[in-house]
Amino acid sequence: ELERFRHHVAAIEGICSSTGLVVASSQAGILEEDILRLSCKFTGHRYLFVLNIPGGLQRDFSNTECVELGREINEAFVKLQDLEKRLRFSSSFLDRLEEVGAVSLEDAVDYGLVGPVARASGISGDLRTCLPYGDYDSFEFSVPVEIEGDGYARLRILFQEAAQSNNIISQAVSSIPGGGVLQPPAPGAKPSGAALGWAEAPLGAAFHWVRLKEDGRVARYRLTTPSFTNWHGFHLSTEGFAFQDFPIILATFGLSNAECDR
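Start counting at 1 in the sequence shown, then tack on 15, and there's your number in my numbering.
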């Protein structure tokens, strides 16, 4: 959820930048940098790398650290709320997003869109609720859904999901049980077989499938990423709109090129 919060702030920054709102873009950029520094202080890496390892976590966290994380994320969320209020009253900004880049519910379903893009078009699917993993089934949170399917709906989803991430983090830091954080594989163990895993990434559903050989080496690995899925439906949002709307529509989708690399 910390990564989801950061990602959505970065996506909001991109949307502001695409519409020429330099001040708002800078404010969102500063906020993202604050979150990156918080991530580094809390996990040892700005992008949370190597925190999760086979068998658990790389390090344990004290109660004080957890409380501090919750407090600082909430402070960042208050700043994000202030930015949202300012954007809501910028008519020139809204003119570039409302009724622009719309994707209907029917098209979103036909193309199997996922994540905030899908939820902005009326699809309520979220792996955290329909296929809960980790402790998500023990947290109280909602899945934001809009129906217009345009750029402004996608922006609203980003703000609303950031609010839910703040909510989940607040619950998590106050309910993390004590005890060990790592149960490494037994020495000399060579697991084999196949497994499927999934997660609701910031951009949507991500699935990973792996098959191991008898000696524990990877025989086959296959993944489906949200950007790879949503790129197929991106053209729907650009058809019939002015060319100058293209970079704005692209920013509201927040797609990753790297996720399409095989």
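C-beta: ideal position from N, C-alpha, C; glycine also.
Within a Cβ cutoff of 6 Å, which residues of the same chain sit near residue i, ignoring the five residues on either side of it in sequence?
i: A123; result: A133, S136 and I138
i: E16; result: S180, I183 and I184
i: V118; result: S136, G164, L251 and S252
i: Q186; result: F154
i: V37; result: none
i: L128; result: N245 and G248
i: Y126; result: H247 and G248
i: Q42; result: L98
i: G44; result: E28
Near residue i, what residues of its chain come up, given a Cβ to Cβ distance below 7 Å and the 5 sequence neighbours on each side ignored?
i: E173; result: Note on identity: in this sequence residue 173 is Leu, with Glu being the wrong assignment. Correct list, in chain order: H23, A26, I27 and P131.
i: A91; result: L46, D49 and I50
i: V188; result: C81, V82, L84 and G85
i: T34; result: F108, R111 and I263
i: I283; result: The first residue shown for the chain is 16 and the last is 277, placing residue 283 beyond what the model contains.
i: D75; result: V196
i: A168; result: A135 and E161
i: R237; result: W224
Sorted by chain position, which residues of the same chain lie with C-beta nearer than 8 Å to residue i's C-beta, five sequence neighbours on each side aside?
i: R171; result: A135, P159 and E161
i: L120; result: S136, G137, I138, I162 and G164
i: D141; result: R134, V158 and E215
i: L227; result: P206, S207, G208, A209, V233 and A234
i: S32; result: S40 and A266
For residue i, does the three-state DSSP call read helix, strand or coil?
i: A133; result: helix
i: D234; result: Sequence inspection shows Ala at residue 234; the Asp mentioned does not correspond to that position. Here A234 sits in strand by DSSP.
i: G248; result: helix
i: T239; result: strand
i: P262; result: helix
i: F256; result: coil
i: E274; result: helix
i: L36; result: coil
i: I15; result: The structure shown does not extend to residue 15, since the chain is modelled only from 16 to 277, so the question has no answer here.
i: S41; result: helix
i: E16; result: coil
Taking the DSSP output, what are the residues bridged to residue i?
i: A220; result: E215
i: L197; result: G71
i: G208; result: L227
Does the beta carbon of residue i come closer than 9 Å to any beta carbon on chain D?
i: F243; result: Among the chains of the structure shown, chain D does not appear; only one protein chain is present.
> Between the segment 208 to 215 and the segment 48 to 68, do three or more beta carbon pairs fall short of 8 Å?
Replying inline: no
> Enumerated in chain order, which unbroken segments of the alpha helix (DSSP H) with a length of 4 residues or greater are wholly contained in the segment 147 to 192?
Replying inline: 166 to 188
> Quick one: any contact between the segment 217 to 226 and the segment 90 to 108, if contact means 3 or more CB pairs under 8 Å?
Replying inline: no
> What are the uninterrupted segments assigned as alpha helix (DSSP H) that are 4 or more residues long and contained completely in the segment 45 to 131, given in chain order?
Replying inline: 78 to 103, 106 to 110 and 120 to 125
> Three or more beta-carbon pairs under 8 Å between the segment 202 to 210 and the segment 227 to 235, yes or no?
Replying inline: yes
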